[in-house]
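Worksheet: one structure, shown below.
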Amino acid sequence: GDVAVLVPAAGAGVRLGPGRPKALRPLAGEPLLVHAVRRLAAAPSVHTIVVAAPAAEVAAVRALLAPVAPVTVVPGGAERQASVAVALAAVPAGPEIVLVHDAARALTPPELVESVAAAVRAGHDAVIPVLPVVDTVKEVGADEVVLGTVDRSALRAVQTPQGFRRAVLTAAHAAAGDPLTDDAGLVEKQGVPVRCVPGSEYALKITRPFDLALAEHLLATGG
Ligand code: CTP
Ligand code: MG
9 GDVAVLVPAA GAGVRLGPGR PKALRPLAGE PLLVHAVRRL AAAPSVHTIV
59 VAAPAAEVAA VRALLAPVAP VTVVPGGAER QASVAVALAA VPAGPEIVLV
109 HDAARALTPP ELVESVAAAV RAGHDAVIPV LPVVDTVKEV GADEVVLGTV
159 DRSALRAVQT PQGFRRAVLT AAHAAAGDPL TDDAGLVEKQ GVPVRCVPGS
209 EYALKITRPF DLALAEHLLA TGG
């Protein structure tokens, strides 16, 4: 494999409700992070995995993942972007393709990891998996009055893993300002074209209790 994957997993999971950090919450009896790392390790291109864990859980996460796959675990930061930056700095010399993948997208199939890596290998400096937006989208003012309807056909919902030529991601993080919610956003600010590839419904981000229930159902029915 020629690919390193950074796994931001240091978030609290506030929107999931009270409990342990989200990456450590159980899904079908195993932590979300275990599901995510197992699927990453099953992708043939993946050579190196670096996990950014909650600072208080670094030793626990090392022990948890040791039987799953060889991983490096580092303490994450206060924002997702900081967690990715710390993980990126821990990638050893070698891999020239770097993917960034949310632990919260625990059911992402290895095939999606391969398709993103393949698009970078084929010459795209930055690659994101996307899905069409299914709902009508409106812009709404502070008073909850509609300002207008957005042209949905030009919109995409963005997932991870996002893939980058290593030097492109490193330069984007070195130049980063205010925290953004994805890494492609940093690369866009550098003027680098970002290529879209088809995403997967299984790569949903487990964010709210409904998403966790859906993930449980998908696993129980062979997803
Ligand atoms: N993440 C991280 N470091 C942070 C914040 C988030 O590594 N300081 C990670 C999360 O662990 C998650 C991914 O970034 O895998 C996407 O973030 P999100 O879904 O927002 O997770 P949380 O921040 O944990 O959830 P919430 O925003 O509801 O607290
Ligand atoms: Mg968050």
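Taking full-length UniProt numbering as reference, the numbering of the sequence shown is continuous, increasing by one, and the terminal residue is 231.
Note that the Cβ used here is the ideal one computed from N, Cα and C, for glycine as well.
Next on the checklist: So, at 8 Å on beta carbons, what are the nonlocal neighbours of P137 in its own chain, with the 5 sequence-adjacent residues on each side left out?
Outcome noted: Here residue 137 is taken as the residue at index 129 of the sequence shown, counted from 1. Answer for P137: L120, S123, V124, V166, Q167, T168, P169, Q170, C204, V205, P206, G207, S208, A211, listed in chain order.
Item to check | For R203, the three-state DSSP class (helix, strand or coil) | outcome: For the purposes of this step, residue 203 is taken as residue 195 along the sequence shown, with counting starting at 1. R203: strand per DSSP, three-state reduction.
Item to check | Coil, strand or helix - E147 by DSSP | outcome: Translated into positions along the sequence shown, residue 147 becomes position 139. It is a strand residue.
Checklist entry - To which residues of the same chain is L35 closer than 8 Å at the C-beta, ignoring the five residues directly before and after it? => result Indexing the sequence shown from 1 puts residue 35 at position 27. H43, A114, I214, L220, A223, E224, L227.
Next on the checklist: So within the stretch 61 to 125, which uninterrupted alpha helix (DSSP H) runs reach at least 4 residues, ignoring any that extend past its ends?
Outcome noted: 66 to 73, 88 to 97
Next on the checklist: Does H55 come out as helix, strand or coil in the three-state DSSP assignment?
Outcome noted: Position 47 of the sequence shown, counted from the start, is the residue given in the question as residue 55. Correct three-state label for H55: strand.
Checklist entry - Given a threshold of 16 other Cβ atoms within 10 Å of its Cβ, counted over all protein chains shown, does V145 qualify as buried or as exposed? => result The residue labelled residue 145 in the question sits at position 137 within the sequence shown. With fewer than 16 Cβ atoms within 10 Å of its Cβ, V145 is classed as exposed.
Next on the checklist: Taking the beta carbon of A162 as the centre, do at least 16 other beta carbons fall within 10 Å, making it buried, or is it exposed?
Outcome noted: As a first step, residue 162 is located in the sequence shown; it is residue number 154 there, counting from the start. Counting Cβ neighbours within 10 Å, A162 comes out exposed, since fewer than 16 surround it.
Checklist entry - To the nearest angstrom, how far is it from the Cα of G84 to the Cα of V153? => result Taking the first residue of the sequence shown as position 1, residue 84 is located at position 76. Taking the first residue of the sequence shown as position 1, residue 153 is located at position 145. Between G84 and V153, the C-alpha separation is close to 39 Å.
Checklist entry - Roughly how many angstroms separate the alpha carbons of D133 and V176, rounded to a whole number? => result Along the sequence shown, read from residue 1 onward, the residue named residue 133 stands at position 125. Along the sequence shown, read from residue 1 onward, the residue named residue 176 stands at position 168. For D133 and V176, the distance between alpha carbons rounds to 7 Å.
Checklist entry - Beta carbon of G199: closer than 7 Å to some heavy atom of ligand 2? => result The residue given as residue 199 occupies position 191 in the sequence shown. No, the Cβ of G199 stays beyond 7 Å of every heavy atom of ligand 2.
Item to check | Within the stretch 183 to 229, ranges of the beta strand (DSSP E) (whole runs, at least 3 residues) | outcome: 203 to 206
Item to check | Of the residues R174, V202, D186, the one placed nearest P103, counting alpha carbons only | outcome: Stepping through the sequence shown from its first residue, residue 103 is reached at position 95. It is R174 whose Cα lies nearest to the Cα of P103.
Next on the checklist: Is any non-hydrogen atom of ligand 2 found closer than 7 Å to the C-beta of G27, if you look at the structure I gave you?
Outcome noted: The residue given as residue 27 occupies position 19 in the sequence shown. False, no ligand heavy atom lies under 7 Å from that Cβ.
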